[in-house]
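There are 4 protein chains.
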Amino acid sequence: MPRQVDREARREQILGAAVRVFARQGYAASRIEDIAREAGVAKGSVYLSFGSREELLRAAFDGLADRSGALLAEVGRHPGGPAERLAFLVRSAMELLEGERDLARVLLDVWSAGARRPAWIDMAGFYREYRAVVAGLLEERDAHAAAPAVAPSAHATVLVGAIEGCVLQWLFDPEVELGPLVEPLVTLLVPPRA
Amino acid sequence: MPRQVDREARREQILGAAVRVFARQGYAASRIEDIAREAGVAKGSVYLSFGSREELLRAAFDGLADRSGALLAEVGRHPGGPAERLAFLVRSAMELLEGERDLARVLLDVWSAGARRPAWIDMAGFYREYRAVVAGLLEERDAHAAAPAVAPSAHATVLVGAIEGCVLQWLFDPEVELGPLVEPLVTLLVPPRA
Amino acid sequence: MPRQVDREARREQILGAAVRVFARQGYAASRIEDIAREAGVAKGSVYLSFGSREELLRAAFDGLADRSGALLAEVGRHPGGPAERLAFLVRSAMELLEGERDLARVLLDVWSAGARRPAWIDMAGFYREYRAVVAGLLEERDAHAAAPAVAPSAHATVLVGAIEGCVLQWLFDPEVELGPLVEPLVTLLVPPRA
Amino acid sequence: MPRQVDREARREQILGAAVRVFARQGYAASRIEDIAREAGVAKGSVYLSFGSREELLRAAFDGLADRSGALLAEVGRHPGGPAERLAFLVRSAMELLEGERDLARVLLDVWSAGARRPAWIDMAGFYREYRAVVAGLLEERDAHAAAPAVAPSAHATVLVGAIEGCVLQWLFDPEVELGPLVEPLVTLLVPPRA
DNA sequence: TATGAATGAGAATTCATTCAT
DNA sequence: TATGAATGAATTCTCATTCAT
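From first to last, the protein sequence lines are chains E, F, G and B.
full-length UniProt numbering numbers the first residue of the first sequence as 1 and each following residue consecutively.
full-length UniProt numbering numbers the first residue of the second sequence as 1 and each following residue consecutively.
full-length UniProt numbering numbers the first residue of the third sequence as 1 and each following residue consecutively.
full-length UniProt numbering numbers the first residue of the fourth sequence as 1 and each following residue consecutively.
This is how it looks when you write it as structure tokens:
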């Protein structure tokens with residue numbers, strides 16, 4: 001079924017172009033025509049793959065969310081104790097974002113748009129999932145130890161927040177690199193025992 | 001004599017309305033007319049105080065930046081050692097944002113806009129300033145101790161990032177409260193000694 | 001009655017400012033505020049003397065029309081034969097316009113506006129009057145001579161047109177001077193006998 | 001394939017409509033929507049052919065200028081002596097304008113706009129060109145005769161001005177016809193010898 | 001499917017005019 | 001009378017989306 005393949009390939013081609021354009025100009029300033037040009041297709045053809053401009057932003061986020069989900073699943077399969085798994089999560093997430101700077105940049109727009117329209121992009125759910133996994137691992141780690149100084153759920157929020165906050169600074173400031181922040185993050189927020 | 005009004009008061013009235021509207025609808029979806037209605041003035045009157053819609057966003061951010069600057073200055077005057085000052089900084093920043101949810105929400109739009117137009121809103125500089133203060137305090141704290149496991153500059157980035165990341169989740173998720181995150185943040189990222 | 005004098009003086013002050021601004025920027029680009037500033041009064045004060053922006057343009061033209069009318073009357077009282085009187089008319093008209101470059105410039109706008117709204121400014125009547133006087137003098141001159149090669153009415157149109165056309169070029173082109181065109185106009189279009 | 005249309009034809013269709021609307025209402029009072037309606041297209045479609053309302057005025061003038069240039073070129077190729085060529089120029093110019101009353105009417109607006117923004121529409125250059133050709137022919141005519149009573153350059157200004165001035169009156173006054181003015185113009189201002 | 005011309009709703013901004021002081 | 005803040009109608013231009021080819 002070549003049709004099927006073509007359709008999918010065309011979709012990816014356009015979505016990739018959209019991500020680049022969104023990253024460069026911001027969603028608000030990105031015209032359908034810009035995306036079409038970047039993708040090397042005609043304006044009208046964008047609508048053969050995506051129903052609206054907004055759907056492109058959504059699809060871009062979905063791509064990141066899918067990879068995020070995969071990452072979370074991988075964490076579950078990762079060998080080692082909870083601390084190792086947590087460290088793996090942090091390192092993987094940072095690596096993913098560092099390798100997808102454009103996608104990370106689009107996050108800014110998704111934040112802006114997603115925060116006011118919970119039904120459209122469920123940012124709350126997205127971060128809740130992360131927090132749940134992190135909190136689970138923290139609880140597991142502390143199961144046989146004394147109660148930690150910080151509740152797992154709060155700790156999870158801080159850890160997830162720190163990742164996003166580092167990404168934020170990396171996106172703003174060319175002087176900030178993401179790679180060198182990975183181990184500090186692990187050291188500071190994923191200590192072997194609380 | 002023309003209708004008597006305090007130009008500054010009128011400006012604040014409109015800026016306040018703009019912040020509410022931006023917070024509610026997002027900058028992109030906020031029409032000048034919405035802001036005028038919220039402020040109880042006519043569309044054209046907005047332009048007596050602000051030159052453009054964009055200027056309103058900028059002014060909103062400037063308001064936050066000013067208070068941020070004041071906060072940073074206050075940190076410098078705060079009594080106690082570097083660790084206490086750091087804790088004070090974290091607590092004050094969180095408190096400031098928690099008390100200004102609308103303004104915090106506008107941050108989402110400013111991030112989106114500021115990342116693309118560095119000259120317009122210097123987000124890089126904004127966070128650099130924070131990092132510099134934090135890093136300075138960390139160095140001071142460690143001056144007489146062994147070298148810390150994490151370099152002050154990276155630590156600063158993580159701390160500043162964690163604050164913003166917690167705010168982010170708070171803005172997205174009604175279940176996340178900011179207040180209860182303050183002490184965890186301090187405990188995890190501002191330990192008495194490294 | 002000082003009030004009476006004041007009102008009139010204020011009116012002149014504003015009208016003069018309006019003429020300067022219209023001449024400089026064109027009527028279309030002249031804001032009431034520009035005129036007020038040029039006159040050194042507040043925007044609202046303009047409306048104490050003139051009912052609308054348009055009325056200012058009209059008044060500017062009326063000023064020129066009045067002086068034109070006076071000129072035409074003076075022609076009637078001028079000593080000498082019809083040829084001398086014609087030459088006097090040409091010289092006076094050119095002199096008038098040369099001395100009132102701003103007013104002449106405003107003519108451009110009046111042409112533009114007046115041509116489509118005959119009821120508003122009766123440009124047709126304005127030029128008809130001129131033609132009538134000129135044609136009358138030409139007829140008088142030729143009363144005792146052979147029929148002229150060109151009918152007085154056509155001759156009048158050409159003469160009046162030539163004056164305006166010279167003014168037009170003078171307004172466009174800094175290289176064109178009006179003074180040196182006066183005698184050529186007389187020589188070419190007001191010959192002693194046809 | 002997109003809707004099939006000849007881009008050039010569409011451009012002409014819209015420009016034609018614009019000229020009619022400008023002629024009827026004046027440039028200042030002509031809305032893009034009026035032009036679109038007159039052309040039978042949607043508002044936005046005007047912008048597919050012209051970048052702005054102003055560009056329409058410019059294009060209208062350019063059309064006249066092109067035909068004017070062609071006319072001047074034709075004068076150069078016209079058989080006969082300088083006097084015949086001059087007469088041909090006058091007759092052709094009048095004929096051109098008489099046949100394009102709408103375009104001539106738009107001239108009023110162009111005068112108004114062109115005088116204030118020399119860089120935009122170079123009216124000075126436009127008339128200079130005419131004067132140069134006329135002056136050249138006058139010099140040629142007088143080459144073997146006694147010095148003329150009026151310098152060729154002044155004579156040229158008067159002749160060119162007379163044409164424009166007659167057009168002006170024709171545009172204002174329904175009683176004035178352009179055709180009957182052609183021969184008077186030639187007789188008065190293009191005599192066989194000075 | 002692919003194209004890009006056509007559409008028209010929509011939005012920011014301007015500015016003549018009004019009117020409270 | 002003088003002022004200038006306030007108003008809101010009006011207008012240009014943009015751009016997502018549609019659809020004839």
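Every residue, glycine too, gets a C-beta built ideally from N, C-alpha and C.
Neighbourhood of residue i by C-beta, 7 Å cutoff - its chain only, sequence neighbours within 5 removed
| i | result |
| --- | --- |
| G/A162 | L185, L189 |
| G/M1 | Residue placement at G/M1 is poorly supported in this model, since its pLDDT is 47, which falls under 50; the coordinates are not used for a value here. |
| G/S49 | R10, R11, I14 |
| E/E129 | L72 |
| F/A29 | none |
| E/V160 | Y127, Y130, R131, V134 |
| B/A124 | P118 |
| F/D109 | F22, G26, Y27, L57 |
| G/A105 | In the sequence under discussion, the amino acid at residue 105 of chain G is Arg, which differs from the Ala named in the question. A23, L171. |
Which of helix, strand or coil DSSP assigns to residue i
| i | result |
| --- | --- |
| E/V106 | helix |
| E/S30 | coil |
| B/A194 | In this prediction, B/A194 has a pLDDT of 45, which is less than 50 and means its spatial position is unreliable; nothing more can be read from the coordinates. |
| F/L178 | coil |
| G/M1 | Here the model assigns G/M1 a pLDDT of 47, short of 50, so the residue's position is not dependable and the matter cannot be decided. |
| F/R117 | coil |
| B/D142 | helix |
| E/D122 | coil |
| F/P148 | coil |
| G/D6 | helix |
| E/V41 | coil |
| G/F50 | coil |
Extent of the continuous alpha helix (DSSP H) to which residue i belongs
| i | result |
| --- | --- |
| E/D66 | 53-77 |
| B/V90 | 82-99 |
| E/F172 | 152-172 |
Own chain partners of residue i with C-beta closer than 6 Å, once the 5 adjacent residues on each side are dropped
| i | result |
| --- | --- |
| F/R141 | P82, A83 |
| B/A18 | I35, L56 |
| B/L64 | L103 |
| B/W170 | V176, L178 |
| B/R91 | V182 |
| E/V41 | none |
| B/A87 | V186, V190 |
| B/E139 | P152 |
| E/H155 | L138 |
| F/R53 | I32 |
| B/H78 | R85, F88 |
Spatial neighbours of residue i in its chain, beta-carbon cut-off 8 Å, leaving aside the 5 residues before and after
| i | result |
| --- | --- |
| F/Q25 | D34 |
| G/V21 | S30, D34, I35, E38 |
| G/G16 | A39 |
| F/R116 | none |
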